[in-house]
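According to the numbering used here, numbering within the sequence shown proceeds without interruption in unit steps and concludes at 178. These notes concern the structure reproduced below.
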Amino acid sequence: MNLEDIARYYIDTPAYALSPSVVKGFRQFIVDIAQVELQGMEFQYVDYFPYMKGTELSLEHIYRDYNQGKLMITTQFNNSDLLGSDINLIFRCIHEIHHIKLNVGFDLEGEFATAVHLIEKTDNLLFKQILFSENLGQIAVRLCQGKFPDDQKVVLFEPEVLHCLKKEWKSLLN
5 MNLEDIARYY IDTPAYALSP SVVKGFRQFI VDIAQVELQG MEFQYVDYFP
55 YMKGTELSLE HIYRDYNQGK LMITTQFNNS DLLGSDINLI FRCIHEIHHI
105 KLNVGFDLEG EFATAVHLIE KTDNLLFKQI LFSENLGQIA VRLCQGKFPD
155 DQKVVLFEPE VLHCLKKEWK SLLN
């Protein structure tokens with residue numbers, strides 16, 4: 005499965021209906037990670053894309069703010085039915101921090117690296133599938149179509165895709 009396959013599968017597959025208890029558990033999982041990963045950081049939520057320099061993200065500005073103990077996070081396109089707006093912003097904070105902690109850019113390789121890192125934080129297969137959908141399914145659509153999907157949804161990718169992810173994620177880029 006390559007990037008275009010992931011994007012096509014995300015677009016063509018109907019949303020998976022999660023039970024309220026799974027949604028509640030997944031939201032708590034994100035909050036629990038945040039309590040560990042976001043310690044000592046101050047986040048400012050803004051209604052623009054704060055680190056854009058033209059069409060590219062300015063890693064220099066992101067690292068400057070991070071080294072001062074703060075980061076700005078956009079509130080635009082914050083319409084996650086799965087996480088709700090408040091927890092989705094927390095999820096974005098975790099995602100941005102992982103880019104910095106892993107010292108990876110915001111290109112495709114960096115997105116895969118941060119997704120793999122977050123997916124490894126749980127043994128729950130369903131949560132791994134949700135994280136893959138939330139991170140890589142949506143990113144694949146953006147990279148292949150030039151924009152994020154109109155509707156965020158949970159699409160469950162086959163467990164085999166997740167198993168190869170850690171060792172062979174670079175092969176998915178081809």
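C-beta atoms are modelled at their ideal positions from N, C-alpha and C, and glycine is treated no differently. Model, not experiment: these values are computed from the prediction.
- Collapsing the DSSP output to three states places Val158 in coil.
- The DSSP-derived three-state label of Glu46 is strand.
- Ser137 and Leu106 do not touch by the CB rule: their CB atoms are close to 21 angstroms apart, not below 8 angstroms.
- Three or more beta-carbon pairs separated by less than 8 angstroms link the stretch 144–152 to the stretch 8–17, which places the two stretches in contact.
- Under the three-state reduction of DSSP output, Glu60 falls in the strand class.
- For Lys28, the secondary structure class from DSSP, reduced to helix, strand or coil, is helix.
- Counted as a single uninterrupted DSSP element, the alpha helix (DSSP H) harbouring Thr118 occupies residues Leu112 to Ile123.
- Taking the Cα of Ile77 as reference, the smallest distance to any Cα among Ile101, Leu86, Tyr49 and Ser62 is reached at Tyr49.
- Restricting attention to Gly58, Gln133 and Ala144, the CA atom closest to the CA of Glu164 is found in Gln133.
- Counting along the chain, the unbroken alpha helix (DSSP H) around Leu129 starts and ends at Leu129 to Phe136.
- With three or more CB-CB distances shorter than 8 angstroms, the stretch 92–106 counts as touching the stretch 40–47.
- Spatial neighbours of Asp69 in its own chain (CB-CB distance under 6 angstroms, excluding positions within 5 residues in sequence) are listed in chain order as Leu75.
- Residue range Gly88 to Leu106 is occupied by the alpha helix (DSSP H) that includes Lys105, with no beta strand (DSSP E) assigned at that position.
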